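Here the working numbering runs 9 ahead of the position in the sequence shown, where the first position is 1.
Here a beta-carbon is modelled for each residue, glycine too, at the ideal position from N, C-alpha and C.
Predicted model only: the values in this text are computed from it and were never measured.
What follows is a short report on a single structure.
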Amino acid sequence: MKIKRYDFIICGGGASGLMLASKLISDSFFSNKKILLIEKDEKNLNDRTWCFWEKGKGELDHLVSKNWSHAIFKAKNFKTKFLTDPYTYKLIRGIDFYNNFKYLKNKQKNFEYLSAKINSIDEKTNVVKTDKGAFFGDNIFSSVLDKNKLSKQNKFPLLKQHFIGQMIQTEKKIFKPDEVTFMDFDIPQKNSTRFMYVLPITQNKALIEYTLFSPKELVKEEYINSIKKYLINLDPGKFSIIESEKGSIPMTAYKFKSNNTKSILNIGTAGGWTKASTGYTFLNTLNKTNLLISFLKENKPLNEFEKNTRFWYYDLLFLDVLNKHNDKGSLLFKKMFEKNKPELIFKFLDNQTNFFEELGLMLTFKKRWFVDALLRRIF
Ligand SMILES: Cc1cc2nc3c(=O)[nH]c(=O)nc-3n(C[C@H](O)[C@H](O)[C@H](O)COP(=O)(O)OP(=O)(O)OC[C@H]3O[C@@H](n4cnc5c(N)ncnc54)[C@H](O)[C@@H]3O)c2cc1C
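Take a look at the structure:
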């Protein structure tokens, strides 16, 4: 049987797949390329809420449904409220994002959208096998994460940012809609790194997420009961849960790029586009996609796309420390917010700082833990 051939096959139509597809089809440079996107889900649910900080206007501002310029960080015996300036903290609802790309499904001349489940991607033959047939791609971009590869290796610790979030409507006006609670560590830590993340939409409505940075997920009830307890402390009156979401995002310095080949590039979380020390992925994915579009015009092997940066080493050490001292995560973040300007922290987490700014930040942490982690890596 003859296998249908495409110039580009995009595996997965979530954040990274949709961003890439929309940029490829709207750039005339690629108008003679045949493009296929394969996605298994309908993408008709609000399954996630994306937040990110950004300076000034952004490419996806038309999808932003809420933004904040004030934020709060809390830990035991410490609270700071700050202006996020020059950044704005922006929120995009998953469903708004997916709907925005619905036009992709209407066949463009050079683009096809296939609802199918991918069973395998063969690195040697570049054949993508699905439950609706097999397809050959000259270039393949995959956002389908192979969790086995992550858990089988033991060179890099695998922590997860795992959470359940609930959009809650309350009877009483208990939220401050212009103030996002970035991290509230002033909750029982139970020997791991746990915090509440509160995104107030109105005075009566907020998304509250119980989040951990730790190796193992909890049973569902533990997240839910913790949110309930936190909420009841705020004296909400009657309340109801309007929407829920859950996530488990890998936090690891694992070299995702080692899975790339000359003609297969992993993108999104599967490509290591998640900031390993925080789990933030969305804006980085947009930035990486823009870089990828320029890169593709140079016709180079895809495995030359990812470059090593010193930020990878910082993430590696930070995660080594967080893995070894998981009960001290609250203290680590507290020190970071106590001793540094939030603007510098955001800049650092965006991989935009210079070496001297980074050195200043490093010195605010407990040096022995980091020196130990460094020595363990060297020897
Ligand atoms: C609930 C939640 C909240 C998040 N919030 C934030 C946030 O606030 N800020 C931030 O920066 N990051 C956030 N993230 C992390 C990250 O931004 C998202 O996970 C983002 O969606 C990653 O994009 P992606 O393209 O890598 O993966 P996805 O968006 O998950 O896309 C992968 C796609 O592949 C499809 N797929 C998987 N397997 C197959 C298969 N076998 N066949 C066909 N299709 C397949 C999936 O259905 C999915 O559509 C969040 C994640 C979650 C889960």
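Which whole-angstrom value describes the C-beta separation of residue i and residue j, a residue pair presumed to lie in contact below a C-beta threshold of 8 Å?
i: L398; j: E63; result: Residue numbering for the chain in the displayed model covers 10 to 388; residue 398 lies beyond these limits and cannot be assessed.
i: Q170; j: F222; result: 6 Å
i: L168; j: M260; result: 4 Å
i: F265; j: G280; result: 6 Å
i: N360; j: T318; result: 7 Å
i: F346; j: T89; result: 6 Å
i: W201; j: D50; result: For the record, residue 201 in the displayed sequence is Ser; it is not Trp. Contact doesn't hold; Cβ gap of about 31 Å is too wide.
i: L325; j: A262; result: 4 Å
Can you tell me which of the three DSSP states residue i falls into?
i: S249; result: strand
i: K161; result: helix
i: S37; result: helix
i: T202; result: strand
i: P221; result: The sequence shown places Leu at residue 221, not Pro. It is a strand residue.
i: R102; result: strand
i: S303; result: helix
i: K193; result: Note that residue 193 is Asp in the sequence shown, not Lys. The answer is strand: DSSP assigns D193 an E or B state.
i: Y239; result: helix
i: F145; result: strand
i: T97; result: strand
i: K125; result: Position check: residue 125 holds Ala in this sequence, whereas Lys was assumed. A125: coil per DSSP, three-state reduction.
i: R377; result: helix
i: R386; result: helix
i: D187; result: coil
Within the same chain, show all residues whose beta-carbon is closer than 8 Å to that of residue i, passing over the 5 residues directly before and after it, in chain order.
i: S74; result: L100, I101, R102, D105
i: Y232; result: F172, I173, Y219, K255
i: G26; result: I19, C20, L46, E48, F150, S152, I276, G277
Going by Cα to Cα distance, which pick from the options is closest to residue i?
i: L358; options: K333, W321, K376, L300; result: W321
i: K316; options: L301, N308, L168; result: L301
i: K356; options: V330, L33, K199, D94; result: D94
i: F248; options: T179, A215, N234, I217; result: T179
i: Y15; options: E367, Y263, A143; result: A143
i: K182; options: M205, K126, S201, L240; result: L240
i: A125; options: V330, N299, L46, Y107; result: L46
i: P166; options: S35, I196, A80, K225; result: K225
i: L295; options: L305, W282, F204; result: W282
i: S257; options: L227, K66, I387; result: L227
Within a Cβ cutoff of 7 Å, which residues of the same chain sit near residue i, ignoring the five residues on either side of it in sequence?
i: I149; result: I18, C20, I130, N135, V137, S272, I273
i: E252; result: N55, M176
Skipping 5 residues on each side, what residues in its chain have a beta carbon closer than 6 Å to that of residue i?
i: P351; result: F91
i: V207; result: T190, A215, I217
### Task
Kindly confirm or deny that the stretch 74-87 and the stretch 337-353 touch, where touching means at least three C-beta pairs closer than 8 Å.
yes
### Query
Can we say the stretch 38-46 touches the stretch 109-120, given the rule of at least three CB pairs closer than 8 Å?
Yes, they touch.
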